[in-house]
Amino acid sequence: MMKSGIFIVCLLLCACNMTDLNVRSAGEAGTELIYLVPGDRIALNTGEVGYVNGDGYFVGIRDLRFFAVGKRIREVVKLLYYNHGVDFNQYKVVNFGRRSIDVRGSIQSPGVYNYPPGEDWNIMNLIMKVDGFASLGQREYLLIRKAWGYPGKFLFIRGMSLPVEEGIGGDNLLLYADDRVIFPGVSQPVYVFGAVKAEAGGVCFSFDGQTKPPTLKDAVTQAAGFSKVSNTKNIQIYRLLHNERRSIISLDYEVSKDFELQPWDVVYVQPEIPKEVLSEDE
Numbered sequence: 041m042m043k044s045g046i047f048i049v050c051l052l053l054c055a056c057n058m059t060d061l062n063v064r065s066a067g068e069a070g071t072e073l074i075y076l077v078p079g080d081r082i083a084l085n086t087g088e089v090g091y092v093n094g095d096g097y098f099v100g101i102r103d104l105r106f107f108a109v110g111k112r113i114r115e116v117v118k119l120l121y122y123n124h125g126v127d128f129n130q131y132k133v134v135n136f137g138r139r140s141i142d143v144r145g146s147i148q149s150p151g152v153y154n155y156p157p158g159e160d161w162n163i164m165n166l167i168m169k170v171d172g173f174a175s176l177g178q179r180e181y182l183l184i185r186k187a188w189g190y191p192g193k194f195l196f197i198r199g200m201s202l203p204v205e206e207g208i209g210g211d212n213l214l215l216y217a218d219d220r221v222i223f224p225g226v227s228q229p230v231y232v233f234g235a236v237k238a239e240a241g242g243v244c245f246s247f248d249g250q251t252k253p254p255t256l257k258d259a260v261t262q263a264a265g266f267s268k269v270s271n272t273k274n275i276q277i278y279r280l281l282h283n284e285r286r287s288i289i290s291l292d293y294e295v296s297k298d299f300e301l302q303p304w305d306v307v308y309v310q311p312e313i314p315k316e317v318l319s320e321d322e
C-alpha cells in the first residue's frame with residue numbers, strides 16, 4: 041500500500057514537471073532571460089496577446105494587471121500560468137519595446153544608446169560603446185535609475201572610480217532600459233536634473249574650491265531656475281552616506297532653500313504629477 045502511494049506521488053511530480061516543461065518559447069533561444077520594458081508584447085498560443093504598458097504593468101490578457109518592468113520574461117510567463125491560471129503551452133515575443141541608456145558628461149560620445157534586447161549591458165560595456173572617457177583622469181560616474189511604478193520617482197546609485205586598466209570595477213553593475221549614466225568630469229560634483237530649465241542635459245557643477253558649501257538655491261540657480269511644471273514642495277536630495285548607505289531627503293524649496301549640499305549630492309526637482317495619475321488605483 042505504501043509503495044502504491046509513493047508511486048502515485050512520483051507520477052504527480054512528473055506531471056507537474058511536464059507541465060512546466062510544456063510552457064515553451066516559440067522564439068529564439070535565450071528570449072526567456074530578457075528583462076521586460078514598456079512596449080514588449082507577448083503572444084500566447086491561445087491567441088491572447090499581453091504587453092507592458094507605459095507605467096510598467098503587464099496588461100491585455102483578460103483583466104490581469106501586474107507589475108512587469110525589470111522582470112525576466114520567464115518570470116512573467118510563470119506568473120501567468122501558475123498565479124493567474126492562464127492555460128497555454130507556448131508563447132512568443134512579437135514586439136520588443138525600445139531599450140536605451142542616456143549617457144552624459146565627460147565622455148567621448150554622449151547621447152542616447154540603444155542596445156539589443158538579448159544583451160545585458162554593464163558599465164564596462166557602456167564605456168567601450170561610447171569610445172571611452174574625454175579625459176583618463178575622470179573615471180567616476182553617477183547612475184540615475186527610474187523607479188518604475190512610482191510616477192516621477194527615481195532611484196540614485198552612485199558608482200565608483202573605475203580602474204579601467206585592470207578591467208574591473210563596474211563589471212557587475214547591470215544597466216537597464218531608461219537608466220541615465222553621468223560622467224561628471226569635475227571634482228566633487230553636484231548634479232541637478234528634473235523639472236528645471238536646463239534639463240536638456242541636467243547640470244553638473246563642481247563643489248571643489250568654493251569658500252562655503254553651495255545651497256539648494258545655488259543648485260537651482262545653476263540649473264537656470266525652475267520650469268513651469270516644477271513641484272517645489274517636494275525636491276529630492278539623493279545623498280551617499282557612510283559605508284555606501286544612501287539617503288533621500290525631501291525638501292520644500294521655500295522653507296529649505298538655504299539647505300547646504302555635499303559633494304556627490306544629486307538634486308532632483310520633480311514635475312507636478314497630474315491628478316488623474318495620483319488618483320489611479322494601482
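The numbers in the working numbering rise by one with no breaks, and the one at position 115 of the sequence shown is 155.
Yeah, the Cβ is synthetic: ideal placement off N, Cα and C, and Gly gets one too.
Quantities reported herein were computed from a predicted structural model and do not represent experimental measurements.
Cβ neighbour criterion (16 or more within 10 Å) applied to residue i
i, result
"residue 217", "buried"
"residue 138", "exposed"
"residue 73", "exposed"
"residue 146", "buried"
"residue 250", "exposed"
"residue 300", "exposed"
"residue 46", "Because the pLDDT at residue 46 is just 48, under 50, the model does not fix this residue reliably, and the point stays unresolved."
"residue 187", "exposed"
"residue 229", "buried"
"residue 224", "buried"
"residue 38", "One cannot answer for residue 38 here, as it falls past the ends of the chain, which runs 41 to 322."
Inter-residue Cα distance where the pair is residue i and residue j
i, j, result
"residue 61", "residue 130", "At residue 61, the pLDDT of 37 sits below 50, so the modelled position is not reliable and the matter cannot be decided from this model."
"residue 82", "residue 266", "41 Å"
"residue 95", "residue 79", "10 Å"
"residue 5", "residue 231", "Only positions 41 to 322 of the chain appear in the structure, and residue 5 is not among them; the question remains open."
"residue 127", "residue 121", "6 Å"
"residue 240", "residue 234", "9 Å"
"residue 226", "residue 136", "37 Å"
"residue 77", "residue 193", "17 Å"
"residue 271", "residue 84", "42 Å"
"residue 293", "residue 183", "24 Å"
"residue 303", "residue 256", "13 Å"
"residue 104", "residue 308", "33 Å"
"residue 107", "residue 248", "42 Å"
"residue 134", "residue 97", "17 Å"
"residue 259", "residue 91", "40 Å"
"residue 113", "residue 144", "30 Å"
"residue 275", "residue 198", "19 Å"
"residue 89", "residue 123", "18 Å"
"residue 86", "residue 93", "21 Å"
"residue 153", "residue 290", "31 Å"
"residue 115", "residue 140", "22 Å"
"residue 237", "residue 160", "34 Å"
"residue 150", "residue 156", "19 Å"
Simplified DSSP assignment, three categories, for residue i
i, result
"residue 208", "Because the pLDDT at residue 208 is just 40, under 50, the model does not fix this residue reliably, and the point stays unresolved."
"residue 291", "strand"
"residue 122", "helix"
"residue 305", "coil"
"residue 91", "strand"
"residue 117", "helix"
"residue 296", "helix"
"residue 73", "helix"
"residue 213", "coil"
"residue 148", "coil"
"residue 142", "strand"
"residue 130", "strand"
Extent of the continuous alpha helix (DSSP H) run through residue i
i, result
"residue 261", "256-262"
Inter-residue CB distance, residue i and residue j (contact presumed, cutoff 8 Å)
i, j, result
"residue 220", "residue 142", "4 Å"
"residue 70", "residue 158", "6 Å"
"residue 222", "residue 181", "6 Å"
"residue 162", "residue 214", "5 Å"
"residue 196", "residue 306", "5 Å"
"residue 269", "residue 312", "5 Å"
"residue 111", "residue 75", "7 Å"
The ligand FMN heavy atom lying under 6 Å from the CB of residue i
i, result
"residue 90", "Here there are no bound small molecules, and the ligand FMN is not part of this structure."
Extent of the continuous beta strand (DSSP E) to which residue i belongs
i, result
"residue 275", "270-280"
"residue 163", "That residue, residue 163, is in no beta strand (DSSP E); its alpha helix (DSSP H) goes 163-169."
"residue 83", "81-84"
"residue 195", "194-198"
"residue 234", "229-234"
"residue 237", "Taken as a continuous stretch (DSSP letters only), residue 237 belongs to no beta strand (DSSP E), as it is neither H nor E."
"residue 186", "182-186"
"residue 220", "220-223"
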